[in-house]
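Residue numbers (the working numbering): 48 to 164.
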């Protein structure tokens, strides 16, 4: 499954935060300011599992954990929280990734979900 980044909110990226919030293009203006907006390219259902690879352009990340509602949210509203490295609390809508450093992202970048190793 593939998506394309169409917008990056002015408060979406933080040097100290190890999380990126993604939403689809139906997001409200408030959500857009703190999120990365993506357009999902296919209508097929996405299922991301532990052990999969998610690619942000050429940058590949290993999926270490998938929150209880992450796949549901991704399929329903294009929403997912990507969390990089170990977190203190479990986030039900999160997909946990390694390495621990968030990717460099830009408008037009393709995201590939759930590639197998």
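Ideal Cβ positions, reconstructed from N, Cα and C, are used throughout, including at glycine.
Secondary structure at residue 128, three-state DSSP: helix, strand or coil?
Position 81 of the chain shown holds residue 128. Correct three-state label for residue 128: strand.
Please state the DSSP three-state secondary structure of residue 56.
Locating residue 56 in the chain shown gives position 9, where the first residue counts as 1. If DSSP states are grouped into helix, strand and coil, residue 56 belongs with coil.
Taking the Cβ atom as the reference point for each residue, do residue 80 and residue 58 lie within a distance shorter than 7 Å?
To locate residue 80, count along the chain shown from 1; it is residue 33. To locate residue 58, count along the chain shown from 1; it is residue 11. Contact flag set, yes.
Given residue 56 as reference, the closest of 48, 136, 95, 67 once Cα atoms are compared:
Within the chain shown, residue 56 is the residue found at index 9, counting from 1. For residue 56, the nearest C-alpha among the options comes from 67.
My parser needs the beta strand (DSSP E) runs of 3 or more residues fully inside the stretch 88-156; what are they?
100-103, 106-113, 127-131, 141-145
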